[in-house]
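Position one of the sequence shown corresponds to residue 2 (the working numbering), numbered consecutively onward. Glycine is no exception: its CB is placed at the ideal position from the N, C-alpha and C atoms. Heads up, the thing below is written out as structure tokens.
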Amino acid sequence: MQNVDVLLGLQWGDEGKGKLVDILSPAYDIIARFQGGPNAGHTLIFNGKKHVLHTIPSGIFRDTIINLIGNGVVIDPLVLINEIKNIEQQGIEVKNRLLISKRAHLILPSHRWLDAASEALKGKNKIGSTLKGIGPAYMDKTGRNGLRIGDIELPDFQDKFNQLYQKHLQLLKYYNWTEINENQIKEWFESIEYLKQLQLVDGEHYLNSAINQGKKILAEGAQGTLLDIDFGTYPFVTSSNTITAGACTGLGVSPNKIGNVIGIFKAYCTRVGSGPFPTELHDDIGEKIRQTGKEFGSTTGRPRRTGWLDLPALKYAIQINGVQELIMMKADVLSNLDTIKICTHYHYQNQVIDHLPYNLNDNTVSPIYQELKGWQKDISQCKTKRQLPKALLKYIDFIQETTGVKISYLSVGPDREQIIKLN
Ligand code: GDP
Ligand code: IMO
Ligand code: MG
């Protein structure tokens, strides 16, 4: 039974995953996050209201759906609790429909300090981390020092914490980091008490028995393929596997349970934080896209870098993830441009290539563009494919032909209602 579909980002994050998971979720019984943590910011807009989720899966606003935070996620209890309280304040019941895998790892306040200290030491070579403690928490996980959600119920939790915290204090000394805030530790322990009231489960057992009962699961990716720890633009990446394979390890479901892989991308590219970005725009058009697309981080508020769509990178992401269905977001943002460029190949070491080379960091890649006609029409109120301008349909066809994958939906605005079924 291939009951687990995966929806994930094919670029550098912020493709609009939250919006699409919310739209697709009525077709599923369970929505499950499988990696990342509070570095994510997933935006949902409906009934005139905006919601940004960091740790909670984007199915939480649909009242029949179970939302599971999988073992591959790193959880900052303070962030999670704020999220829960915010949603509850809107009269929405959360605790009955939120499950947390006991195997998920905890982010300590000292992970955040270590994140900041590491970035400060890197200086101008910094990753541009969201400073949520993601990298240090995953380092402790793979270094076999981490604390897991299930540990909070054990009698020796305080000892385990002390051991790890002392290690962190030593490391912080190495970094000459002096901003140690014991108050944050106190608040963190209060939030651990609150966590104990939540439904902590063996996520892998829960999901596999749900699969056996014929239930449908949607795995919700965070970040994007080009931020993947193995296949992204290393070292300017996040610390988890953001790709389809990450859904298996981050939830405990086997590869033969994976069904449809839905890849989501913007009609252009954005990136927040440092690292290579071959099609980046440093001109008025880049600024126009930033302003029209409101390209400012959902988690940190930082302005996002903007650029043209990069097809070699998109094809790479499709391949690594096994994408069977594409969804294109934010097409409305490109309206009213005379021409739209789309990168089809790169110049690289005196060659023309159409794939992503090993090293993008040395600026030796320069994009080769095809120019397509823009559309001078507001498409944000369009409801059907027939209402869309011809130039946009050509843009869509060009992407489908180059990638060999169909675009099933087109998003034309941030609201839940602004979505058009294409295929
Ligand atoms: P995620 O991290 O992939 O869930 O994406 P984010 O929520 O961080 O960023 C996507 C941003 O684009 C949010 O502010 C959304 O409200 C907005 N958005 C999503 N789809 C569209 C669209 O089709 N058009 C426009 N103009 N905005 C969109
Ligand atoms: P969603 O799920 C966009 C970026 C950071 C930084 C790099 C490493 O909303 O798409 P980290 O805090 O993980 O150590 O940062 O990854 N980054 C994201 N960029 N969207 C995200 O999540 C991101 N999560 C991390 O800006 O460049
Ligand atoms: Mg985001």
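> Comparing alpha-carbon positions, which option in 138, 178 and 331 lies nearest residue 39?
Replying inline: For the purposes of this step, residue 39 is taken as the residue at position 38 of the sequence shown. When only C-alpha atoms are compared, the closest one is 138.
>> Taking the alpha-carbon of residue 304 as reference, which of 323, 72, 271 and 188 has the nearest alpha-carbon?
In response: Stepping through the sequence shown from its first residue, residue 304 is reached at position 303. Considering only alpha carbons, the answer is 271.
>> Judging by CA-CA distance, which residue of 180, 32 and 294 is the nearest neighbour of residue 212?
In response: Locating residue 212 in the sequence shown gives position 211, where the first residue counts as 1. Looking at the Cα atoms, 32 is the closest of the given residues.
>> Can you find the residues in the same chain that come closer than 6 angstroms, C-beta to C-beta, to residue 414, ignoring five residues on each side of it along the sequence?
In response: In the sequence shown, counting from the first residue as 1, residue 414 sits at position 413. So the list reads 333 and 381, once near-sequence residues are dropped.
>> Check this for me: beta carbons of residue 173 and residue 181, under 9 angstroms apart or not?
In response: What you label residue 173 is simply residue 172 of the sequence shown in a count that begins at 1. What you label residue 181 is simply residue 180 of the sequence shown in a count that begins at 1. Cβ distance < 9 angstroms, so residue 173 and residue 181 count as in contact.
> Span of the beta strand (DSSP E) holding residue 6?
Replying inline: Stepping through the sequence shown from its first residue, residue 6 is reached at position 5. Looking at the DSSP string, the run of the beta strand (DSSP E) that includes residue 6 is 5-10.
>> Here's the rule: buried if 16 or more other CB atoms are within 10 angstroms of the residue's CB, otherwise exposed. What is residue 106?
In response: Taking the sequence shown and counting its residues from 1, the one referred to as residue 106 is at position 105. With 16 or more Cβ atoms within 10 Å of its Cβ, residue 106 is classed as buried.
> Quick one: does the C-beta of residue 135 sit closer than 8 angstroms to a heavy atom of ligand 2?
Replying inline: Counted from its first residue, the sequence shown places residue 135 at position 134. Checking the 8 angstroms criterion, the Cβ of residue 135 is within range of a heavy atom belonging to ligand 2.
> Which residue spans inside the region 172-199 form an unbroken alpha helix (DSSP H) run of at least 4?
Replying inline: 183-196
>> Can you tell me whether residue 14 sits near ligand 3, meaning its C-beta is under 8 angstroms from at least one heavy atom of the ligand?
In response: Here residue 14 refers to the residue found at position 13 when the sequence shown is read from its first residue. Result yes, Cβ under 8 angstroms from ligand 3.
> Would the beta-carbon of residue 416 fall within 9 angstroms of that of residue 62?
Replying inline: What you label residue 416 is simply residue 415 of the sequence shown in a count that begins at 1. What you label residue 62 is simply residue 61 of the sequence shown in a count that begins at 1. Result no, Cβ atoms of residue 416 and residue 62 do not sit closer than 9 angstroms.
> Curious, which full-length beta strand (DSSP E) runs of at least 3 residues does the region 195-274 contain?
Replying inline: When DSSP assignments are scanned along the region 195-274, the uninterrupted stretches of beta strand (DSSP E) that are 3 or more residues long and fall wholly within it turn out to be 200-202, 218-221, 259-267 and 270-272.
> Nearest to residue 347 by alpha carbon, out of 208, 360, 340 and 336?
Replying inline: For the purposes of this step, residue 347 is taken as residue 346 along the sequence shown, with counting starting at 1. Ranking the options by Cα distance to residue 347, first place goes to 360.
> Which first and last residues belong to the beta strand (DSSP E) in which residue 372 is found?
Replying inline: Position 371 of the sequence shown, counted from the first residue, corresponds to residue 372. Segment 366-374, the beta strand (DSSP E) holding residue 372.
>> Could you check if residue 379 belongs to the surroundings of ligand 1, using beta carbon to heavy atom distance under 8 angstroms?
In response: What you label residue 379 is simply residue 378 of the sequence shown in a count that begins at 1. Flag unset: Cβ of residue 379 not near ligand 1.
> Candidates 280, 127 and 109: which alpha carbon is nearest residue 133's?
Replying inline: In the sequence shown, the residue the question calls residue 133 occupies position 132. With distances taken between Cα atoms, residue 133 lies closest to 109.
>> I need the straight-line Cα distance from residue 166 to residue 183, nearest angstrom please.
In response: Numbered from 1 along the sequence shown, position 165 holds the residue referred to as residue 166. Numbered from 1 along the sequence shown, position 182 holds the residue referred to as residue 183. If you take the alpha carbons of residue 166 and residue 183, they lie about 11 angstroms apart.
>> Is any non-hydrogen atom of ligand 3 found closer than 8 angstroms to the C-beta of residue 42, if you look at the structure I gave you?
In response: As a working mapping, residue 42 is identified with position 41 in the sequence shown. True, at least one ligand heavy atom lies under 8 angstroms from that Cβ.
>> Below 8 angstroms on the Cβ atoms is my contact criterion, and I expect residue 266 with residue 329 to pass it. Report the Cβ-Cβ distance as a whole number of Å.
In response: Mapped onto the sequence shown, residue 266 falls at position 265. Mapped onto the sequence shown, residue 329 falls at position 328. Confirmed, Cβ separation roughly 6 angstroms.
> Among residues of its own chain, excluding the 5 on either side of residue 429, which ones have a beta-carbon nearer than 8 angstroms to its beta-carbon?
Replying inline: Here the chain comprises residues numbered 2 to 424, so residue 429 is not present and cannot be evaluated.
> Can you tell me the Cα-Cα spacing of residue 95 and residue 344, whole angstroms?
Replying inline: The count along the sequence shown starts at 1 and reaches residue 95 at position 94. The count along the sequence shown starts at 1 and reaches residue 344 at position 343. When rounded, the distance between both Cα atoms is 43 angstroms.
> Helix, strand or coil: how does DSSP classify residue 316 here?
Replying inline: The count along the sequence shown starts at 1 and reaches residue 316 at position 315. In this structure, residue 316 counts as helix in the three-state DSSP scheme.
> Three-state secondary structure (DSSP) at residue 306?
Replying inline: Position 305 of the sequence shown, counted from the first residue, corresponds to residue 306. It is a strand residue.
> On the premise that residue 45 lies in contact with residue 18, defined as a C-beta separation below 8 angstroms, what is that separation, rounded to the nearest angstrom?
Replying inline: Taking the sequence shown and counting its residues from 1, one reaches residue 18 at position 17. Taking the sequence shown and counting its residues from 1, one reaches residue 45 at position 44. So it is not a contact: roughly 10 angstroms between Cβ atoms.
> What residue range is occupied by the uninterrupted beta strand (DSSP E) comprising residue 44?
Replying inline: To locate residue 44, count along the sequence shown from 1; it is residue 43. Where residue 44 is concerned, the enclosing beta strand (DSSP E) stretches over 43-47.
>> Using a Cβ-Cβ cutoff of less than 6 angstroms, which residues in the same chain neighbour residue 370 once the five nearest sequence positions on both sides are dropped?
In response: Within the sequence shown, numbered from 1, the residue matching residue 370 stands at position 369. For residue 370, the CB contacts under 6 angstroms within the same chain, skipping 5 residues up- and downstream, are 342 and 344 in chain order.
> So what does residue 327 bridge to, in DSSP terms?
Replying inline: Position 326 of the sequence shown, counting from 1, holds the residue named residue 327. For residue 327, which the question treats as bridged, DSSP gives the partners 264 and 408.
> Going by the CB atoms, is the gap between residue 66 and residue 85 shorter than 9 angstroms?
Replying inline: For the purposes of this step, residue 85 is taken as residue 84 along the sequence shown, with counting starting at 1. For the purposes of this step, residue 66 is taken as residue 65 along the sequence shown, with counting starting at 1. It is not a contact, given that the beta carbons lie outside the stated cut-off.
> Does the separation of the CB atoms of residue 26 and residue 60 fall below 9 angstroms?
Replying inline: Taking the first residue of the sequence shown as position 1, residue 26 is located at position 25. Taking the first residue of the sequence shown as position 1, residue 60 is located at position 59. Yes; because the gap between Cβ atoms is below 9 angstroms, this pair is in contact.
> When DSSP builds the beta bridges, which residues end up paired with residue 102?
Replying inline: Walking along the sequence shown from the start, residue 102 turns up at place 101. Its beta-bridge partners are 202.
> Taking C-alpha atoms, which residue in 238, 418, 12 and 81 lies nearest to residue 126?
Replying inline: Within the sequence shown, residue 126 is the residue found at index 125, counting from 1. When each option's Cα is compared against that of residue 126, the closest is 238.
>> Can you tell me where the beta strand (DSSP E) holding residue 353 begins and where it ends?
In response: One-based indexing of the sequence shown puts residue 353 at position 352. From DSSP, the beta strand (DSSP E) with residue 353 extends over 352-354.
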